[in-house]
Amino acid sequence: MAAPVPPLLPLPLLPPPENIPAFGGFSTALRVDISPRMSRPHNMGSIRIGVSSCLLGEQVRYDGGHKRNAYVTGVLAAFFELLPVCPETECGMGVPREALRLVRDRDELQLVAARSGRNHSAAMKRWSKRRLRELEATGLSGFILKKGSPSCGMERVRVYTAAGRPAPSGSGLFAAALVQANPGLPVEEEERLEDPALRDNFIERVFAFARLRDLLGGRWRIGDLVDFHSREEMLLLAHDAEAPGLLAEVLAAAGQNGRLQTASAYRAAFMSVLAKRAAKRRQARVFEHMLGYLRGFLGTREKSELTATISDFRRSQVPLIGLITLFRHYARLHRVEYLERQSYLQPDPREVALRNRV
Ligand code: SF4
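According to this note's numbering, numbering within the sequence shown proceeds without interruption in unit steps and concludes at 358.
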């Protein structure tokens with residue numbers, strides 16, 4: 001059987017397969033054999049996502065109402081385990097209660113009752129610290145927050161001066177603590193999920209975060225993280241041409257930095273790459289890149305068909321999943337192991353179902 005040849009494109013930049021025994025650019029010490037256990041497609045259990053309780057229809061708002069969100073309750077609830085969190089009621093405020101607002105006091109934001117002026121910041125910060133530790137133990141892979149809330153709002157929440165005048169906007173107190181305690185955790189507001197591109201990116205990040213969490217939550221060695229990285233290369237490439245190389249450098253420094261520091265640096269870099277938009281043009285180039293691995297196995301007709309399908313994808317005449325299915329078929333048929341192992345070609349069925357709705 002003919003060996004795959006290097007891609008013909010000027011795009012990435014991963015060395016051709018015959019030059020990378022385990023993974024390109026690594027020191028010998030970091031090269032690992034890919035065992036069958038490590039190579040099998042990912043098979044995750046249930047994925048947990050935290051959600052501001054009022055979005056699930058719980059009547060926890062200051063006025064006793066809710067903000068049930070149809071996409072969260074009607075679609076996401078069928079695919080994820082949703083974990084309701086209401087910072088204001090859980091930290092001891094009742095329903096109904098006084099409406100709260102953010103007030104800037106020098107450099108700090110305070111959570112203050114709008115009418116009485118009672119300051120709830122200390123209680124909210126204490127509770128957030130404890131609750132975030134509990135949430136970490138439950139293994140969250142994402143969070144959906146209520147927009148505009150002085151507790152839950154992720155960004156652009158209204159802020160006032162002590163005199164009641166408008167000040168530059170900020171983040172709700174719980175939302176800020178959540179993001180700070182969980183670098184890389186996919187976090188979005190319900191209103192932003194109405195944008196198809198942001199929604200698609202959020203879902204993609206949730207599944208990627210869950211895959212990495214799955215690995216780092218168990219017993220793992222640096223070699224396992226190297227293997228993980230090699231399976232994610234095409235996905236990373238779809239977001240940023242430089243990303244596979246940059247993340248490989250994080251792994252290559254594992255000898256000096258140790259296992260835990262490497263894991264946290266890798267997670268932060270991995271998730272920040274995925275937060276970048278995967279433009280259609282870039283994704284098309286990733287498929288052209290993958291075609292380089294298949295060329296030696298394909299006849300002229302098959303190559304033309306794949307090239308034409310990539311062009312159709314670029315013109316939005318073929319959906320991403322159509323192209324993925326086609327490439328996965330050829331990778332399996334010709335046993336091109338490097339491609340068979342790519343998470344980009346092996347999305348979780350739940351991810352496919354959710355992203356197909358976008
Ligand atoms: S926005 Fe947050 S704090 Fe306010 S009711 Fe909803 S879940 Fe509770």
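All C-beta atoms in this analysis are idealised placements derived from N, C-alpha and C, irrespective of residue type, glycine included.
By the three-class DSSP mapping on this structure, what secondary structure does residue i have?
i    : result
S169 : strand
S141 : strand
E340 : helix
R48  : strand
N360 : Residue numbering for the chain in the displayed model covers 1 to 358; residue 360 lies beyond these limits and cannot be assessed.
R199 : helix
H329 : helix
P36  : The predicted position of P36 is uncertain, since its pLDDT is 34 and thus under 50; a value taken from the coordinates is nonetheless stated next. Helix.
E194 : helix
R335 : coil
L298 : coil
K146 : coil
R355 : helix
R277 : coil
M154 : coil
Chain D beta carbons: is any one of them nearer than 8 Å to that of residue i?
i    : result
E190 : No chain D is part of this structure, which consists of one protein chain only.
Between which two residues does the alpha helix (DSSP H) harbouring residue i extend?
i    : result
R281 : 280-294
E189 : Taken as a continuous stretch (DSSP letters only), E189 belongs to no alpha helix (DSSP H), being part of the beta strand (DSSP E) at 187-189.
D348 : Run containing D348: none; DSSP gives neither H nor E here.
A263 : 259-274
With respect to the beta strand (DSSP E) encompassing residue i, which residues constitute its N-terminal and C-terminal limits?
i    : result
V318 : Taken as a continuous stretch (DSSP letters only), V318 belongs to no beta strand (DSSP E), as it is neither H nor E.
Do residue j and residue i come within 8 Å of each other at the CB atom, strictly closer than that value?
i    : j    : result
S316 : C152 : no
A176 : L145 : no
L109 : G170 : yes
H239 : A278 : yes
A181 : L260 : no
L359 : L111 : Here the chain comprises residues numbered 1 to 358, so residue 359 is not present and cannot be evaluated.
V206 : P186 : yes
E189 : M154 : yes
A210 : I47  : yes
S128 : I49  : no
H120 : A113 : yes
V179 : R104 : no
L215 : R267 : no
V336 : L291 : no
V157 : L235 : no
Which partner residues of residue i appear in the DSSP bridge assignment?
i    : result
N160 : Going by the sequence as given, residue 160 is Tyr instead of Asn. DSSP lists V103, P166 as partners of Y160.
Is there at least one non-hydrogen atom of ligand 2 closer than 7 Å to the beta-carbon of residue i?
i   : result
T89 : Although ligand 2 was asked about, the structure shown includes only ligand 1 as ligands.
| Where in the region 51-113 do unbroken runs of the beta strand (DSSP E), each at least 3 residues long, occur, reported from the N-terminal end onward? | 81-85, 100-105, 108-113
| Going along the chain, which unbroken runs of the alpha helix (DSSP H) with 4 or more residues stay wholly within the region 208-257? | 222-239, 243-252, 254-257
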